[in-house]
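So in our numbering, the last spot in the sequence shown is 109, and the numbers never skip.
Virtual Cβ for every residue (Gly too), placed ideally from N, Cα, C.
Since we're looking at a predicted model, the values are computed, not measured.
Report on one structure; see the data block that follows.
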Amino acid sequence: MYHPFFDRDQAAIDADPELKQAVTREHFPEIDACDVLYALAPGGYVGASVVIEMAYAFARGKRVVTSEAVGEYAARALVSAVAAPPDFLRALGGF
Numbered sequence: 015m016y017h018p019f020f021d022r023d024q025a026a027i028d029a030d031p032e033l034k035q036a037v038t039r040e041h042f043p044e045i046d047a048c049d050v051l052y053a054l055a056p057g058g059y060v061g062a063s064v065v066i067e068m069a070y071a072f073a074r075g076k077r078v079v080t081s082e083a084v085g086e087y088a089a090r091a092l093v094s095a096v097a098a099p100p101d102f103l104r105a106l107g108g109f
């Protein structure tokens, strides 16, 4: 399961561009190992880091599923399906 680094100090990451880049790159092997990337998109919002991860997954032939329709039109092109978390968990075997 792919997940963000909740144990990291977000303020420290945001203050250090090199650390931010390293953390972004650390997610790529996890995305390589998954079949589906699921991104929470509250109110249709996904941040720049999530869009990078979505684009990477898409380029690697992975399905990209979001919890809500993404507001950014360019990012929408990367999305295979939209499914609220409970629906995604129920359908996980079909993705």
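Bridge partners - residue i, DSSP secondary structure assignment
i: V141; result: The structure shown does not extend to residue 141, since the chain spans only 15 to 109, so no value can be given for it.
Residue range of the unbroken alpha helix (DSSP H) whose run includes residue i
i: Y70; result: 62 to 73
i: L54; result: Counting along the chain, L54 falls outside any alpha helix (DSSP H), and DSSP gives it neither H nor E.
i: A88; result: 87 to 90
i: L106; result: Neither: L106 is in no alpha helix (DSSP H) and is coded neither H nor E.
i: R39; result: 31 to 47
Classification of residue i by the beta-carbon crowding that lies within 10 angstroms, buried from 16 upward
i: Y70; result: buried
i: Y52; result: buried
i: A29; result: exposed
i: L92; result: buried
i: A89; result: buried
Nonlocal neighbours in the same chain, by C-beta distance under 7 Å from residue i, ignoring five residues either side
i: V84; result: A55, G58, V60, R90, V93
i: V50; result: K76, R77, V79, F109
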